[in-house]
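Residue 161 in the UniProt record's numbering sits at position 161 of the sequence shown, and the numbers go up by one each step.
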Amino acid sequence: MADHPMPHLGFEIESIITQHGVFAFLVNTLNGQIQVMYKSRTASPFDTHEGVMLAFFIALFIYATASVAEIMLRARESIYHPIVSYIRLFASGLATILLLVIIDPVLGCIISVLWGCLFARLAYESCKELPELQELRSHTAQLGHSLWTKLAGVLGYHNEEEPDQA
């Protein structure tokens with residue numbers, strides 16, 4: 001128990017069930033509003049907001065995938081469980097905001113800016129929480145640098161600081 005930090009109360013079973021319920025309620029309500037809006041129109045939201053609808057389905061897919069991964073990681077008592085939970089939460093928030101953009105674009109844009117700031121803050125805090133991620137990030141940066149150096153050597157880019165031997 002000393003190896004695992006105290007789990008955030010938002011990731012307890014009862015809280016997760018409540019979060020799924022709130023997301024389902026919001027999507028159902030916003031979907032009903034969109035149906036009422038487009039009832040008298042000949043075009044559908046897929047015609048008028050095709051980019052938003054595509055992003056909505058991608059966010060919905062990420063939400064579903066993260067939900068399944070969260071269950072699997074929770075069963076294994078993995079330390080990565082909170083990260084997947086954050087991904088699930090932010091995918092549900094993005095999906096809800098995208099539906100709101102269809103109903104009221106100005107309000108949707110304002111809320112999406114606030115959502116983006118919150119996302120950046122929590123992503124930064126999550127990276128600080130897990131030292132394994134920092135180690136992975138440094139290994140990835142080293143690998144990327146070595147690959148870039150090798151690619152530059154293969155393509156013939158040289159450092160200009162080497163003196164000529166003429």
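For glycine and all other residues, C-beta sits at the position ideal for the given N, C-alpha and C.
Assess, as a yes-or-no matter, whether the region 44-59 is touched by the region 93-100 under the definition of 3 or more beta carbon pairs within less than 8 angstroms. yes
Check the C-beta distance from valine 84 over to alanine 69 and give it rounded, since I have them as a contact under 8 angstroms. 5 angstroms
Unbroken alpha helix (DSSP H) run spanning serine 92, endpoints: Element bounds for serine 92: 81-103.
Cα-Cα, which of Gly153, Gly21, Val106, Arg121 is closest to serine 67? Gly21
Classify leucine 118: buried if its beta carbon has 16 or more other beta carbons within 10 angstroms, exposed otherwise. exposed
Just to confirm my understanding: we take alanine 2, look at its own chain, exclude 5 residues before and 5 after, and list those with CB closer than 8 angstroms. What are they? Its pLDDT being 45, under 50, alanine 2 is placed unreliably by the model, and the measurement read from it follows with that caveat. For alanine 2, where only same-chain residues beyond five positions count, there are no Cβ hits under 8 angstroms.
Reducing DSSP to helix, strand and coil, say where methionine 1 ends up. Summary for methionine 1: the model assigns pLDDT 42, below 50, so the residue's position carries little reliability; its value from the coordinates is reported in the next sentence. Coil, per DSSP.
Closer than 7 angstroms by C-beta to leucine 107: which residues in its own chain qualify, once you throw out the five before and the five after it? Chain order, please. Once the five neighbours on either side are set aside, the close Cβ partners of leucine 107 are Leu100.
Determine the burial state of proline 82: buried for a count of at least 16 other Cβ atoms within 10 Å of its Cβ, exposed for fewer. buried
Applying the criterion that 16 or more other CB atoms from any shown protein chain within 10 Å of the CB defines a buried residue, is phenylalanine 61 buried or exposed? exposed
Can you give the Cα-Cα distance for asparagine 28 and serine 146, rounded to whole angstroms? Pairing asparagine 28 with serine 146, the inter-Cα distance amounts to about 49 angstroms.
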